[in-house]
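Its first residue numbered 1, the sequence shown is counted upward by one per residue in our numbering.
Note that beta-carbon positions come from the ideal geometry of N, C-alpha and C, so glycine has one too.
Read through the structure below, which is laid out as structure tokens, and then see the notes.
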Amino acid sequence: MEKAVISDNKPIKTTLEKDKTYAYCTCGRSAKQPFCDGSHKGTTFTPLRFTAQADKEVWLCTCKQTKNPPYCDGSHQHIADDAVGITA
Ligand code: FES
Numbered sequence: 001m002e003k004a005v006i007s008d009n010k011p012i013k014t015t016l017e018k019d020k021t022y023a024y025c026t027c028g029r030s031a032k033q034p035f036c037d038g039s040h041k042g043t044t045f046t047p048l049r050f051t052a053q054a055d056k057e058v059w060l061c062t063c064k065q066t067k068n069p070p071y072c073d074g075s076h077q078h079i080a081d082d083a084v085g086i087t088a
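Right, dumping it as structure tokens:
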């Protein structure tokens, strides 16, 4: 099974807009973290599309290890700085 790239080892604070649909990067290759920029093409990954239920400030995962995507669940705390940029 193909593995995601650890794009960073800390989440990104983002303000979501109610009823807006987002495409969260799951492959870790996007240069527009935490969102998809199409870099998954040629991989087995697809973006996670979700619609915000309210205007809300959230922390979105960049390490791609969260069990609750697109949201950070603290899993990044076990990822060292030198692991950023490589596959998990
Ligand atoms: S950034 Fe991935 S779990 Fe926090």
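{"Item": "Test item: CB-CB of residue 76 and residue 10 under 8 Å", "Value": "yes"}
{"Item": "Selection from 62, 79, 15 and 44 that minimises the alpha carbon distance to residue 25", "Value": "62"}
{"Item": "Where residue 23 falls: helix, strand or coil (DSSP)", "Value": "strand"}
{"Item": "Residue(s) in a DSSP beta bridge with residue 56", "Value": "16"}
{"Item": "In DSSP terms, what residue 43 is bridged to", "Value": "Note: residue 43 sits in no beta bridge, so no partner."}
{"Item": "Boundaries of the beta strand (DSSP E) in which residue 51 is found, first to last residue", "Value": "48-51"}
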